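Under numbering that gives the first Met the number 0, the letters of the sequence shown match residues 0 to 146, in that order.
Just so you know, even glycine gets a beta-carbon here, dropped at the ideal spot from N, CA and C.
Note that this is a predicted model, so its numbers are computed, not measured.
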Amino acid sequence: MSFGWQWTDDEGNPASRIDVRTHERAVTLEYAINGKPVEQRIALLETPCNYGGARAWFECPCCRRRVALLYLSRQVACRQCFRLAYPSQSEDLIGRMWRKQGKVERRLRTGKRMTNATRKRLIDELIRVEDAREAAFIAAARRLLGW
Ligand SMILES: [Zn+2]
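1) Can you determine whether any heavy atom of ligand 1 sits closer than 6 Å to the C-beta of A76, and answer yes or no?
2) Excluding the 5 residues flanking A135 on each side, which residues of the same chain have their C-beta closer than 8 Å to its C-beta?
3) Counting along the chain, where does the beta strand (DSSP E) carrying Y30 start and finish?
4) Please classify Q74 as buried or exposed, where buried requires at least 16 other C-beta atoms within 10 Å of its C-beta.
5) Drop a sphere of 10 angstroms on the beta-carbon of C172, count the other beta-carbons inside from all chains shown, and report buried for 16 or more, exposed for fewer.
6) Can you grab the Cα-Cα spacing for the pair W6 / N12, in whole Å?
7) For C61, which option in V26, V37, Q100, R78 has the closest C-alpha, if you only look at C-alpha atoms?
8) Identify the residues that DSSP records as bridge partners of G3: which are they?
9) Can you check whether the CB of L44 is closer than 7 Å to the CB of A25?
10) Check whether the Cβ atoms of S1 and R16 lie closer than 7 Å to each other.
Structure, rendered in structure tokens:
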């Protein structure tokens with residue numbers, strides 16, 4: 000079986016979509032992150048029910064635990080994995096870096112009477128902030144993916 004779901008923006012334009020294909024012991028999810036197509040196979044696990052039959056679960060692709068719900072953010076994972084991967088401290092750090100970068104970029108854009116030395120110092124600072132933000136993001140992604 001296959002089916003899809005589409006999200007639209009306020010004007011009714013397609014904003015995002017996900018397609019699902021089912022297999023005997025898995026589902027394949029097709030979606031895009033920042034325009035990049037992703038195809039991900041999620042295993043299905045079963046537990047026997049008390050009164051016969053079986054109940055199906057998703058296997059979280061991060062922690063391999065049996066879960067009833069999966070969430071899609073930058074990738075698919077269970078709630079617990081997202082909570083572990085994005086604790087307030089890494090969110091705060093990444094957020095702080097974005098704000099700092101915005102401040103430096105604004106200064107570079109609006110600073111008309113700026114000496115070359117000042118401009119160079121600001122550009123160096125911008126590169127440092129970008130590197131630090133990247134490192135904070137990679138650290139959060141590592142925890143999420145269990146690298
Ligand atoms: Zn998980």
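Reading off the structure:
1) Indeed, a heavy atom of ligand 1 lies less than 6 Å from the Cβ.
2) S89, L92, I93, M96
3) 25-32
4) buried
5) Residue 172 lies beyond the residue range present for the chain, which begins at 0 and ends at 146; the question has no answer from this structure.
6) 8 Å
7) R78
8) D18
9) no
10) no
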